[in-house]
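*Asks:* Questions regarding the structure given below will be posed in turn.
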Amino acid sequence: MYFKQFDDLHSGTLNNLFNFYKKDDSSEKGVLTNLQNQVKEYNTLITGVHDDINSQIDSLTANRDHLIDLENKLYTQFFAQTNPDLNNSNFNDSKIASDYQKDENAREALAQNLISSFGQTDSFGSTDYMDKLNDSVSNIAWTSQDYSALFTAMHKKGISTAKYENELDLINRYGSVNPGLTPAQAKFGDAPSNNNTEQTFTKKLKITVPAGVNYSLNLNYPADVQVTYDVNSSVDNKEAKIIETAGTDDLTLYNKDHITTNPDGTTKNEDNTSVATFTIQYNVSLGQTTGAKVKFSWGETGNENVTSEKYILCPANEISEYLGGNNFGDIAELLSQIDDTANLITWIYGKPNYDLDDMLRKLPNSATLEDFKNLSKETRISS
Numbered sequence: 074m075y076f077k078q079f080d081d082l083h084s085g086t087l088n089n090l091f092n093f094y095k096k097d098d099s100s101e102k103g104v105l106t107n108l109q110n111q112v113k114e115y116n117t118l119i120t121g122v123h124d125d126i127n128s129q130i131d132s133l134t135a136n137r138d139h140l141i142d143l144e145n146k147l148y149t150q151f152f153a154q155t156n157p158d159l160n161n162s163n164f165n166d167s168k169i170a171s172d173y174q175k176d177e178n179a180r181e182a183l184a185q186n187l188i189s190s191f192g193q194t195d196s197f198g199s200t201d202y203m204d205k206l207n208d209s210v211s212n213i214a215w216t217s218q219d220y221s222a223l224f225t226a227m228h229k230k231g232i233s234t235a236k237y238e239n240e241l242d243l244i245n246r247y248g249s250v251n252p253g254l255t256p257a258q259a260k261f262g263d264a265p266s267n268n269n270t271e272q273t274f275t276k277k278l279k280i281t282v283p284a285g286v287n288y289s290l291n292l293n294y295p296a297d298v299q300v301t302y303d304v305n306s307s308v309d310n311k312e313a314k315i316i317e318t319a320g321t322d323d324l325t326l327y328n329k330d331h332i333t334t335n336p337d338g339t340t341k342n343e344d345n346t347s348v349a350t351f352t353i354q355y356n357v358s359l360g361q362t363t364g365a366k367v368k369f370s371w372g373e374t375g376n377e378n379v380t381s382e383k384y385i386l387c388p389a390n391e392i393s394e395y396l397g398g399n400n401f402g403d404i405a406e407l408l409s410q411i412d413d414t415a416n417l418i419t420w421i422y423g424k425p426n427y428d429l430d431d432m433l434r435k436l437p438n439s440a441t442l443e444d445f446k447n448l449s450k451e452t453r454i455s456s
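In terms of this note's numbering, the sequence shown opens at residue 74 and continues consecutively.
Here's what the structure looks like:
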């Protein structure tokens, strides 16, 4: 009796150990193996997130440096600071800002600009001014259609492009009537128009169906998730088959019977006598959703066995990453160049009180170079 108790205890302990970890010639199984696999998957996921964060840090650092450089230029132009010397350690120093942003500094900057402006009585007769203008015009594309991809992306983020489109209209009118000028190649034609980064997964199910039985496989998932049956699904028993249910994603895993052909050519149904293992694959597309639960259930009534997958995700914002990522500095420089070029045309050819709207309104649709010069002649007469 004691030997039997000892033998039972020994056998039970051994079986429990096998459940924890078991290794044979081809595979490893058990709780320990599952835990190791989960740890590997987690480490892989964390590595990807870490790399993405490092990339974002690099992009933000570059954007910060560009903004600091822009702030230095603004202090030089509008507050007469020859060397503002803002850097990463003092760009938000309130004392520096207070010292620079004084009324007397602004007046000094304005006086310098006025002296520079009135130094020339005939702007388009100055080689320096015209060379600068023509160089600026030649370094950009001239029409808003050239930047349609970029402007569409900006619209998606709520950024108005009307000002830049009007400026390009003026630039195009001027460039088109100057025989020696040609537009540059358009930039940012690869700007995305939608956040079309798709989050797609494949779900694989292995379901064993007894001989002479059919199982129903049913799905349940939110409306903003797409789940489609993969035709590469298979079954290891040639007498069994997968039947799709029209209009749904549900399947019938058929292992009840099969048709055989008699010697005389007639057919009959014969019961299946072997179990069948079905390997079913579904393609799951989550789009831009941040969380979804997809439920799979199967059995003779369709719900004896249930498994589900819960996805919690952070979808990529492709447009934001394009506009605010590595392209930020180049995009800001292009928009500034368009702005500066249109302002230079207005300053050289328009009256002192003219702005962009005045230029577009005063010039005829098919303006010639003389039309531009006549605006400037009116300026000198009225002076």
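Think of the CB as a built atom: it goes at the ideal place given N, C-alpha and C, for glycine as much as any other residue.
Whole angstroms is fine: what's the gap from T234's alpha carbon to N438's?
*Replies:* In a straight line, the C-alpha of T234 is about 21 Å away from that of N438.
*Asks:* Buried or exposed: A313, going by 16 or more other Cβ atoms within 10 Å of its Cβ?
*Replies:* So A313 counts as buried.
*Asks:* The beta strand (DSSP E) with T273 in it runs from where to where?
*Replies:* Counting along the chain, the beta strand (DSSP E) containing T273 begins and ends at T273 to V282.
*Asks:* Looking at the strands, I want to know which residues DSSP matches up with L326.
*Replies:* DSSP lists Y288 and I315 as partners of L326.
*Asks:* Starting from W420, trace the alpha helix (DSSP H) both ways and give me its first and last residue.
*Replies:* Segment F401 to Y422, the alpha helix (DSSP H) holding W420.
*Asks:* Given that a residue counts as buried once 16 or more other Cβ atoms are within 10 Å of its Cβ, and exposed if not, what is G192?
*Replies:* Residue placement at G192 cannot be trusted, given a pLDDT of 48 that sits under 50; what the coordinates show is reported in the next sentence. Burial call: exposed.
*Asks:* Which residues mark the beginning and the end of the beta strand (DSSP E) in which T216 is found?
*Replies:* First-last for T216: undefined, no H or E at that position.
*Asks:* For the pair the segment 317-335 and the segment 244-251, tell me if three or more CB-CB distances fall below 8 Å.
*Replies:* Too few Cβ pairs lie closer than 8 Å, so no.
*Asks:* Say whether the segment 369-378 touches the segment 278-291, bearing in mind that this needs 3 or more beta-carbon pairs closer than 8 Å, one atom from each stretch.
*Replies:* Result yes; three or more Cβ-Cβ pairs closer than 8 Å.
*Asks:* Please state whether DSSP places K463 in a helix, a strand or coil.
*Replies:* The structure shown does not extend to residue 463, since the chain is modelled only from 74 to 456, so the question has no answer here.
*Asks:* Measure the C-alpha to C-alpha separation of T452 and L407 and round it to an integer number of angstroms.
*Replies:* Because the pLDDT of T452 is 43, which lies under 50, any placement of that residue in the model is unreliable, and the question is left without a value.
*Asks:* What three-state label does DSSP hand S381 in the structure shown?
*Replies:* DSSP places S381 in strand when its eight states are reduced to three.
*Asks:* Among residues of its own chain, excluding the 5 on either side of T340, which ones have a beta-carbon nearer than 8 Å to its beta-carbon?
*Replies:* So the qualifying residues of the chain are I332, T333 and T334.
*Asks:* What is the C-beta distance between A222 and A264, in whole angstroms, given that I count them as a contact (C-beta under 8 Å)?
*Replies:* That belief holds up - the Cβ atoms of A222 and A264 are roughly 4 Å apart, short of 8 Å.
*Asks:* Assign D337 to one of two classes, buried (16 or more other C-beta atoms within 10 Å of its C-beta) or exposed (fewer than that).
*Replies:* That one is exposed.
*Asks:* Taking the CB atoms as reference points, tell me whether T236 and L396 lie closer together than 8 Å.
*Replies:* Checking the sequence, you will find Lys at residue 236 rather than Thr. Contact: no.
*Asks:* Starting from I353 and walking both ways along the beta strand (DSSP E), at which residues does that stretch end?
*Replies:* A349 to S358 is the extent of the beta strand (DSSP E) around I353.
*Asks:* Using 8 Å as the cut-off, can you tell me whether the segment 414-421 makes contact with the segment 207-222, which would need three or more C-beta pairs spanning the two stretches below that distance?
*Replies:* Judged by Cβ distances under 8 Å, the segment 414-421 makes contact with the segment 207-222, as three or more pairs qualify.
*Asks:* Are the beta-carbon atoms belonging to T325 and N287 less than 8 Å from one another?
*Replies:* Against a cut-off of 8 Å, the Cβ pair of N287 and T325 comes out as a contact.
*Asks:* So, under 8 Å CB-CB, A349 and N378 are touching, yes? Tell me the CB distance rounded to an integer number of Å.
*Replies:* Contact flag wrong, Cβ pair sits at about 15 Å.
*Asks:* For S249, report the span of its beta strand (DSSP E) as first-last.
*Replies:* No beta strand (DSSP E) contains S249, which is instead part of the alpha helix (DSSP H) from A235 to S249.
*Asks:* How many Å lie between T149 and I392 at the Cα?
*Replies:* In a straight line, the C-alpha of T149 is about 33 Å away from that of I392.
*Asks:* Short of 6 Å in beta carbon distance, which residues of its chain neighbour I454, apart from the five on each side in sequence? Order them along the chain.
*Replies:* Residue placement at I454 is flagged as unreliable, the pLDDT there being 38, under the threshold of 50; a coordinate-derived value is accordingly withheld.
*Asks:* Would you say the segment 420-428 touches the segment 254-261, given that touching needs at least three Cβ pairs under 8 Å?
*Replies:* At 8 Å Cβ cutoff, the stretches do not touch.
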